[in-house]
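Inspection log for the structure reproduced underneath, given as structure tokens.
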Amino acid sequence: MRDAVAAERLGIPAIGVMTTQFVSAAELMCRVLGMPDYKFGVIEHPISSADDAALAAQARSTIEDAANLLLRPQI
């Protein structure tokens with residue numbers, strides 16, 4: 509999250525991706541870094557035991573989420 513927020517502050521579009529197990533930690537980090545409304549992608553946890561098909565499905569979903577986050581209207 510730190511790298512994504514730092515990039516965004518420099519005007520570089522970035523996407524943070526976190527597993528479901530660590531969403532609350534990512535949200536806390538966003539608040540600590542002063543960007544409490546920062547949106548990020550979320551993938552299933554754990555990924556280490558996922559087979560190739562599951563990883564491919566998560567990748568497709570994450571790409572769609574990332575595109576939506578990058579192309580969202582700026583507030």
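One rule links them: number in this note's numbering = place in the sequence shown (from 1) + 508. Here a beta-carbon is modelled for each residue, glycine too, at the ideal position from N, C-alpha and C.
With 16 or more other Cβ atoms from the protein chains shown falling within 10 Å of its own Cβ, Val-513 counts as buried. DSSP places Ile-571 inside the alpha helix (DSSP H), whose first and last residues are 560-578. Fewer than three beta-carbon pairs drawn from the region 560-570 and the region 534-546 are found closer than 8 Å, and the two stretches are therefore not classed as touching. Asp-559 and Ala-574 have their C-alpha atoms some 22 Å from each other.
A direct Cα-to-Cα measurement between Pro-554 and Leu-536 gives close to 20 Å.
Judged by their CB atoms, Gly-549 and Ile-523 are nearer to each other than the 8 Å cut-off.
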